[in-house]
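J.: Just so you know, the protein sequences line up as chains A and U, in that order.
Just so we're aligned, residue 175 is where the first sequence starts under this note's numbering, counting upward by one.
Just so we're aligned, residue 34 is where the second sequence starts under this note's numbering, counting upward by one.
Each residue gets a CB set at the ideal place from its N, CA and C atoms; glycine is no exception.
Please read through the structure below; I'll follow up with questions.
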Amino acid sequence: MDFFTAVYEASVLFVETLSQLRRIYFYRRQIVEQFYSLAVTTLPIASIIAVFLGLGSTVQATYQTSSLTPRYFAANVIFKTLIIEGTPIVLGLVLAGKIGGSLAAEIGSMKISEQIDALQSLSIDPVGFLVMPRVIAGLIMVPIITIYANLVAMFSSFFMSTVILNWITPDEYISGMRMNFKVFEMYFGNIIKPSLCGLIIAFIGSFFGLRAKGGAKGVGIASTTAVVVSAVIVVILDYFTGELLL
Amino acid sequence: MIEIKGVWKYFEGKEVLRGINLKIEDGMTTVVLGPSGQGKTVLLKNIIGLYKPERGEIIADGISLNGLKKRELFELRKKFAFIFQGSALFDFLTVDENIALYLRMHTKMSKEEIEKKVKNVLKVVGMEGTEQLYPEELSGGMKKRVAIARAVVFSPKYILYDEPTTGLDRENARVVNALINRLKREYGVTSIVVTHDIDCMETVADRVVLLKEGRIIFMGKKEEVKESHLDYLYEMEEGK
């Protein structure tokens with residue numbers, strides 16, 4: 175029963191968030207602040223993850239390929255795996271923890287300290303002031319961070335393969351990346367999937383934050399639930415977007 | 034004027050307000066007195082539309098809150114300011130940003146005009162020089178005064194105070210009580226003060242409402258409440 179109530183309440187909040195889009199100019203300052211906050215808090219962690227994703231996938235590729243496998247083919251596998259699947263899903267899961275958890279905790283503590291009520295008493299809509307800017311920031315900034323992370327991951331893989339391991343020449347690596355290149359796959363891995371992840375993570379974090387009750391314990395529960403739910407949805411979304419769009 | 038007509042409110046099946054009938058006269062300070070858990074804050078939140086009554090209605094300046102759309106309710110709320118028990122200052126904003134928020138969001142005032150107005154209200158509450166501080170850097174009494182500044186900056190007709198002196202030492206409580214009186218005197222504000230502090234009631238009240246288990250058991254002048262409900266007041270003092 176609680177599950178269905180939560181789904182209903184989330185749907186109502188989602189519609190309210192969409193309806194606040196028409197006041198996007200009114201809340202421009204909050205949106206810019208969220209863009210900045212999201213970028214500053216996630217770029218360092220995205221950089222570390224991207225570097226090691228590139229290195230890890232290269233180590234795996236060199237380990238799995240035999241002497242009969244063309245090396246440019248392995249480079250192609252690294253490239254496509256990272257762009258379409260590896261970076262978006264790993265980053266999505268990490269950001270579910272980082273952004274989802276912190277949004278739920280932030281909004282949850284505002285809820286229990288009556289700051290949400292205070293906003294309403296000042297005739298300021300909490301959905302427009304808090305939720306919509308965070309959802310917009312998630313929708314736009316997560317793809318930007320993913321594009322950056324994909325670039326870093328590919329560069330670290332390229333560097334590892336061609337300089338450190340000396341396993342493949344730069345020309346072979348680049349021809350591997352160009353092999354069977356599809357522009358849509360770039361949109362898919364860099365924009366479509368991360369946008370949906372960003373939207374879901376920011377929305378779920380805000381939703382559970384607004385539902386928080388009962389003091390510090392309630393904020394903890396809201397934060398944990400937001401992380402778990404958004405991580406599960408990110409993985410499910412990963413399957414369905416691949417199944418439907420590729 | 035605010036009219037509260039037969040308001041009932043339940044939480045998880047428990048009756049918190051039981052048929053409250055009350056008229057709040059303009060320009061007066063009405064103190065709602067009672068120990069914790071009697072429904073005082075719930076009553077206040079019903080008046081401003083943060084809670085909706087299960088039965089009955091609240092009419093502010095001739096407009097019933099029942100059935101108002103969100104935007105209409107937000108428009109009506111511009112006549113009200115609410116001072117929360119824990120002050121509820123936005124912890125991600127500095128003192129001046131907290132106070133300026135309403136003006137930034139709802140008026141077309143220039144940055145300079147807003148700054149001037151913020152400085153003025155900070156002077157009124159005796160908090161000059163704290164503009165750049167964050168709420169976590171303020172004491173309880175200072176937070177309360179900033180919350181009052183945030184409330185008066187947009188010149189509301191009604192100010193609702195939820196336990197304004199709770200948790201404050203005698204000196205800070207005296208300052209807050211004096212501010213409540215000053216706002217009524219100088220700005221003609223209509224105030225509803227919810228408290229269990231008898232000193233606060235004695236200092237600010239024009240009219241007293243005594244609440245017990247969600248019902249009004251007394252309504253009248255402060256001199257009368259002391260005569261007729263002395264035992265209840267003692268009980269309240271001991272229980273606070």
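#1: Quick one: what's U:Phe-251 bridged to in DSSP?
#2: Between the Cα of A:Val-305 and the Cα atoms of A:Leu-420, A:Ala-180 and A:Leu-192, which residue gives the shortest distance?
#3: Which one of U:Trp-41, U:Met-252 and U:Lys-259 has the shortest CA to CA distance from U:Val-49?
#4: Tell me, which residues are paired with U:Ala-114 by DSSP?
#5: Tell me the rounded alpha-carbon separation between A:Ala-386 and A:Glu-183.
#6: Could you check the C-alpha separation between U:Gly-119 and A:Ser-287 for me, to the nearest Å?
#7: Using a Cβ-Cβ cut-off of 9 Å, state whether A:Ala-311 counts as contacting chain U.
#8: So which of A:Ala-311, A:Leu-227 and A:Ser-276 has the shortest CA-CA distance to A:Ile-257?
#9: Apart from the five residues on each side of it in sequence, which residues of its chain come closer than 8 Å, Cβ to Cβ, to A:Glu-346?
#10: For A:Phe-381, collect the residues of the same chain with a Cβ closer than 6 Å to its Cβ; drop the 5 residues on either side in sequence, then sort them by chain order.
#11: Could you tell me whether the Cβ of A:Gln-289 comes closer than 9 Å to any Cβ of chain U?
#12: Inspect the beta-carbon positions of A:Gly-379 and A:Leu-293 and report whether they are closer than 9 Å.
#13: Where does the unbroken alpha helix (DSSP H) through U:Glu-219 begin, and where does it stop?
#14: Just list the residues that DSSP pairs A:Val-402 with in beta bridges.
#15: Roughly how many angstroms separate the alpha carbons of A:Val-251 and U:Glu-148, rounded to a whole number?
#16: Does A:Asp-176 have its Cβ less than 9 Å from a Cβ in chain U?
#17: Any Cβ of chain B within less than 9 Å of the Cβ of A:Gln-294?
#18: Going along the chain, which residues of its own chain have a beta-carbon closer than 6 Å to the beta-carbon of U:Tyr-194, five neighbours each way excluded?
#19: DSSP three-state call for A:Arg-385: helix, strand or coil?
#20: Taking 8 Å as the threshold, find out whether the region 130-140 of chain U comes into contact with the region 149-156 of chain U through three or more Cβ pairs.
#21: For the alpha helix (DSSP H) holding U:Phe-125, just list the boundary residues, first then last.
#22: Indicate whether U:Val-76 and U:Ile-37 have their beta-carbon atoms separated by less than 9 Å.
#23: If the criterion is Cβ atoms closer than 9 Å, does the pair U:Leu-61 and U:Thr-223 meet it?
#24: Determine the chain U residues that contact A:Ile-298 at a beta-carbon separation under 7 Å, and present them in chain order.
#25: Do we get a CB-CB distance below 9 Å when we pair A:Phe-200 with the residues of chain U?
#26: Determine the direct distance from the alpha carbon of A:Leu-339 to that of U:Lys-122, and round the result to whole angstroms.
#27: In whole angstroms, what is the alpha-carbon distance linking U:Lys-156 and U:His-229?
#28: Between the alpha carbons of U:Val-242 and A:Arg-308, how many angstroms are there, rounded?
#29: When the Cα of U:Gly-52 is compared with those of U:Asp-59, U:Tyr-220 and U:Tyr-43, which residue comes out closest?
#30: Taking 9 Å as the threshold (beta carbon to beta carbon), is U:Tyr-135 in contact with chain A?
#31: Taking Cβ positions only, does A:Met-351 come closer than 9 Å to chain U?
#32: For the beta strand (DSSP E) containing U:Arg-88, name the first residue and the last one.
#33: Name the residue from U:Leu-244, U:Arg-203, U:Ile-231 and U:Ala-182 whose alpha carbon lies nearest to the alpha carbon of U:Arg-215.
#34: What's the C-alpha gap between U:Leu-66 and U:Met-234?
#35: Helix, strand or coil: how does DSSP classify U:Val-186 here?
#36: Beta carbon of A:Gly-350, beta carbon of A:Gly-312: below 9 Å?
T.: In brief:
#1: Bridge partners of U:Phe-251: U:Leu-243.
#2: The shortest Cα separation from A:Val-305 among A:Leu-420, A:Ala-180 and A:Leu-192 belongs to A:Leu-192.
#3: Nearest of U:Trp-41, U:Met-252 and U:Lys-259 to U:Val-49, Cα basis: U:Trp-41.
#4: Its beta-bridge partners are U:Ile-192.
#5: Going from the Cα of A:Ala-386 to the Cα of A:Glu-183 covers about 13 Å.
#6: CA-to-CA, the gap between U:Gly-119 and A:Ser-287 works out to about 7 Å.
#7: Chain U has no Cβ within less than 9 Å of the Cβ of A:Ala-311.
#8: Closest by C-alpha distance to A:Ile-257, out of A:Ala-311, A:Leu-227 and A:Ser-276, is A:Leu-227.
#9: Closer than 8 Å at Cβ, skipping near neighbours: Arg-245, Tyr-246 and Ala-249.
#10: The answer, listed in chain order, is Ala-184 and Leu-187.
#11: Yes, because at least one Cβ of chain U sits closer than 9 Å to the Cβ of A:Gln-289.
#12: No, the pair does not count as a contact, with Cβ atoms beyond the cut-off.
#13: Bounds of the alpha helix (DSSP H) holding U:Glu-219 are 203-220.
#14: Under the DSSP definition of a beta bridge, A:Val-402 lacks any partner.
#15: The alpha-carbon atoms of A:Val-251 and U:Glu-148 are separated by roughly 59 Å.
#16: Not one chain U Cβ lies under 9 Å of A:Asp-176.
#17: The chain labelled as chain B is not found among the protein chains of the depicted structure, namely A and U.
#18: Taken in chain order, the residues that qualify are Ile-116 and Val-226.
#19: Secondary structure of A:Arg-385 (DSSP, three-state): coil.
#20: Contact holds: three or more Cβ-Cβ distances are below 8 Å.
#21: Per DSSP, U:Phe-125 belongs to no alpha helix (DSSP H) and is neither H nor E.
#22: This sequence places Leu at residue 76 of chain U; Val is not what is there. It is a contact, given that the beta carbons lie within the stated cut-off.
#23: A quick correction: the sequence has Met, not Leu, at residue 61 of chain U. Yes.
#24: Within 7 Å Cβ-Cβ: Met-138.
#25: True, the Cβ-Cβ gap to chain U drops below 9 Å.
#26: Checking the sequence shown, residue 122 of chain U turns out to be Leu, not Lys. Using only the alpha carbons, I get a separation of about 57 Å.
#27: Cα to Cα, the separation comes out at about 28 Å.
#28: In this structure, the alpha-carbon of U:Val-242 lies about 43 Å from that of A:Arg-308.
#29: U:Gly-52 has its Cα closest to that of U:Tyr-43, out of U:Asp-59, U:Tyr-220 and U:Tyr-43.
#30: Answer yes: the Cβ-Cβ gap between U:Tyr-135 and chain A drops below 9 Å somewhere.
#31: No, no contact with chain U.
#32: Counting along the chain, the beta strand (DSSP E) containing U:Arg-88 begins and ends at 88-93.
#33: Per the Cα distances, U:Ala-182.
#34: If I take the Cα positions, the gap works out to 8 Å.
#35: U:Val-186 falls in the coil class under three-state DSSP.
#36: In this structure, A:Gly-350 sits away from A:Gly-312, with a CB-CB distance that is not shorter than 9 Å.
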